[in-house]
Structure formats: C-alpha cells, structure tokens
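In this note's numbering, the protein residues as written are 1366 to 1790.
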C-alpha cells in the first residue's frame, strides 16, 4: 500500500508530552523546532509533534481538566486554542505554525483523540459534507477512560466517514505531516478500535496529503499485527513509557514478540525517549520537573535496543536544555545508520538477564547488541557459531566509536543495566 512510503524509515522527532503534558505553547514548539533544525536535522531528526489537547485553552499539565469547553469550529472540528497558539487566530488553525516548521526543513505533527467532541454531540452541531449531525454519529458508550473530551464515532452510521474526511481535509489544509491518534490501538475499556482506524486510513487517503499515521496507546494486540501493518505506519507496543527501569526491562520481551512484524513503513513503536529535561509541566510517570531518572548506562541500553529493533525515535525532553551527553545520544551517526538500515532484527538468545540481539544491513555488516539486564555485573557472550560466522570479524564498538580489532568471540563484562553495541565486518 502506498501509505507505507510515507514512513519508509522509522520516524524520528520530538513530541511535547514528556516535558509539557497537555499544555505546550506555540513558543515552546517553535523553540524546540529551532533547536532540531540547528542540531539534529542533519542526523535525520525531522518531526515536531504537538501532543494532546492543543484545543484546550486552560490545559496546564498532564492532568486533564474534565468536561471543560474546547475550541471548535461550526463543523464539530477542534481547533488550536488561540491563547496558547496565537498564530491560530482568525481561523488559521495550525497552518502558520506548520508553515514555520516547514520553513526550517522539518515536518509538523499533531495528536488527536479518536472520535467526536462530546460538546459537539451534546449541542448536535453540523458536520461538513453530510446532512448527518454530531449526535447522530456519536457513540456515547464508547468513551476514553482517562479523558473526557470525546465520544467514539459509530462507523456504521451515515456521516461517520464524512466527519473523519472533514477532519483530515482540515489537517491537510494546515500542512500536517504526522497524526498520532490516541485511545485507539488499545483502550482500557474496549480493546482495539479497528472500525475507527479504517475510517481514519480512508480519510487520510482521500485528503490527498501524505500523513504518517501513529496509533496510541498500547499495548497494541499482537493478534492484530496484520491489520495494524495494513492500516497504520506505527503503533504502540506499550502503554505510556517513562524513565523507570522496570518499564525498560519489560521492553525486551515486547520487542522480541514484535520483531517479526517490523516492516518498511510499518513500525511497532516503543514510545517516546524520556531523556534530558522532563516533566516541566507533566506529572505522569510518577515524576515532576526533573532530569531523566535513567542512569547513563540505562540511557545507552534504551537507545541500543530502540536502534537495533528499529522503533520510531521520538525525543520527549525539552531539547533546548540538552547537555552534551544527551545530544551525543541523538547524534551518533554509526548508531543511527543501524537504525536506518538494519534488517531482520531478532533476539539471538536470552539467558536469565543476559540478552543478545542481532541484525544485519544490506552491505553485509552484522550488528550485535549485548545487554546485562540484571542487578549485578555479568559476562555476556556470543560465539561466532551462534552468529553463523566462519571467520573472526573486525569488531567496532559504536557508542565508544572505537575499533576492537578481530575477535573470535564476543565476550564482555557488563555493569548492571548496561550494554554494548557492536558492528561486525
């Protein structure tokens, strides 16, 4: 399907949630975009994504204010809150902000909730392109358990497709390149919402603008891997992921299960990278305003797993506060080359907390990631036989950027929660 070409490589960018919750402002989005253009664009980072509730004038953290009035047009479509996004005044929506992001050579994304605003259903407002009205397509029994903004859309009703078409036509007119749809890949109440995913897929196609479709939250059900691949570009394998070791520890198992389903344009998603300065106005994940709680070893372990598995990379911290260490994690071109061109990633073995992953690239290089997920130092080993190699390869340590010479066995003493990422030629 042609939509797979919209994200031929795993998307890389910044998302406002981990640092600003629901409350990000235009100034903050522009500032992070400027940082990305200056420091990260040359390394492949290009998406700037405004997360949840940009239509809520009073949003102030990651705690949602319940049942509050939202900015909406006469056709039941939510609009950016002008007090937070001044360039959206006079009905311009996100077009001026998207134009600015594009002027930096970057791409612009937004987050939406599946469904139709409850306030539209209650007021029974109009829909564009159909005589149906908001109440007639709303599914009041299909709600989000953690946010009161929306009702689901009943896909069987006349007007349901036209409503979603009108949404994505609006986003196309703004110049949106990426849409993250929430409460859809896995809902705590109802499982996956395939009917609405299909409405959205069709709405994107008919809009005429390529938009990457990202589905949230997770864990997306593995038994629907085929439909997810057919309908979306990325989908979350996990619920919200934060800077807590137990969540990173669980990701090894999730990646192992999903690895066979990684395909060009269809990316199982490990969620955002909670790195750098987090929680400025986001209180999720048991944190407040802080620097990431991951140790440096854990940060490298996370980046190594995301890179070899080929998860989308969405940075969650306030980019402008990055220190040299954090920036170095995002600009190691050898690690990013693996993320771009690795193929066939798989877990080679797991022996208690000793874990080995491998993949290869089109030029015939092999990659090996060794992890010590345990609480004590340990030796993690991979033999050439396990890799199917007959002769000792040249080995390079990608994070240290150093050649280790020819090695007939890959064996390293690793500190707790640490890893090593190797390229074999």
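The beta-carbon is built from N, C-alpha and C at its ideal position, and this holds for glycine as well.
Query, Result
"Who are the Cβ neighbours of residue 1597 in its own chain at under 6 Å, not counting the five residues just before and after it?", "1578 and 1580"
"Quick one: Cα of residue 1690 to Cα of residue 1559, how far?", "41 Å"
"Starting from residue 1468 and walking both ways along the alpha helix (DSSP H), at which residues does that stretch end?", "1460-1468"
"Check whether the Cβ atoms of residue 1633 and residue 1376 sit closer than 8 Å, and answer yes or no.", "no"
"Under 8 Å, do residue 1439 and residue 1484 count as touching if we go by C-beta distance?", "no"
"List the DSSP bridge partners of residue 1500.", "Answer is none; residue 1500 lacks a bridge partner."
"Where residue 1656 and residue 1683 are concerned, what is the direct C-alpha to C-alpha distance, given to the nearest angstrom?", "10 Å"
"What do you reckon, are the CB atoms on residue 1605 and residue 1652 nearer than 8 Å?", "no"
"So what does DSSP say about residue 1482, is it helix, strand or coil?", "strand"
"With a CB to CB cut of under 6 Å and the five nearest residues on each side skipped, what residues in its chain are close to residue 1623?", "1602 and 1633"
"Tell me whether residue 1549 sits in a helix, a strand or coil according to DSSP, three-state version.", "coil"
"Any idea which residues DSSP pairs residue 1628 with across the strands?", "1631"
"From the DSSP output, read off the bridge partner residues of residue 1600.", "1580 and 1633"
"One question on the structure: do residue 1700 and residue 1764 come within less than 8 Å of each other, judged by their Cβ atoms?", "yes"
"Mind checking residue 1629: buried by the 16 CB within 10 Å criterion, or exposed?", "exposed"
"If you draw a straight line from the alpha carbon of residue 1620 to that of residue 1557, how long is it in whole angstroms?", "20 Å"
"Whole angstroms is fine: what's the gap from residue 1513's alpha carbon to residue 1520's?", "20 Å"
"Buried or exposed, going by whether 16 or more other CB atoms sit within 10 Å of the CB of residue 1767?", "exposed"
"For residue 1452, which of 1759, 1411 and 1392 has the nearest alpha-carbon?", "1392"
"Which residue's Cα is closest to the Cα of residue 1394: 1466, 1729 and 1645?", "1466"
"Quick one: Cα of residue 1507 to Cα of residue 1515, how far?", "9 Å"
"If you reduce the DSSP assignment to three classes, tell me which class residue 1416 lands in.", "coil"
"Please state if the CB of residue 1441 and the CB of residue 1386 are separated by a distance shorter than 8 Å.", "no"
"Can you say whether residue 1432 is buried or exposed, counting buried as having 16 or more other CB atoms within 10 angstroms of its CB?", "exposed"
"Cβ of residue 1471 within 8 Å of Cβ of residue 1402?", "yes"
"Taking residue 1735 and residue 1778 to be in contact with their CB atoms under 8 Å, please state how far apart those CB atoms are, rounded to whole angstroms.", "No, residue 1735 and residue 1778 are not in contact; Cβ-Cβ is about 11 Å, not under 8 Å."
"Give a yes or no on whether 8 Å exceeds the smallest Cβ distance from residue 1599 to chain D.", "As a matter of chain content, chain D is missing from the structure shown, which is built from one protein chain."
"What do you reckon, are the CB atoms on residue 1772 and residue 1760 nearer than 8 Å?", "yes"
"Kindly list the residues whose CB is nearer than 6 Å to the CB of residue 1586, restricted to its own chain and excluding five residues on each side of it in sequence; keep chain order.", "1557"
"Does the distance from the C-beta atom of residue 1378 to that of residue 1412 stay below 8 Å?", "yes"
"Taking a contact to mean a Cβ-Cβ separation below 8 Å, would you say residue 1474 touches residue 1414 in this structure?", "yes"
"So residue 1747 packs on residue 1713, CB below 8 Å; how close in whole Å?", "7 Å"
"Just the Cα atoms here: how many angstroms apart are residue 1543 and residue 1430?", "26 Å"
"Using DSSP bridges, identify the partner residues of residue 1712.", "1722"
"Mind checking which residues open and close the alpha helix (DSSP H) that includes residue 1771?", "Not the alpha helix (DSSP H): residue 1771 falls in the beta strand (DSSP E), residues 1767-1771."
"Tell me whether the beta-carbon of residue 1493 lies closer than 8 Å to the beta-carbon of residue 1538.", "no"
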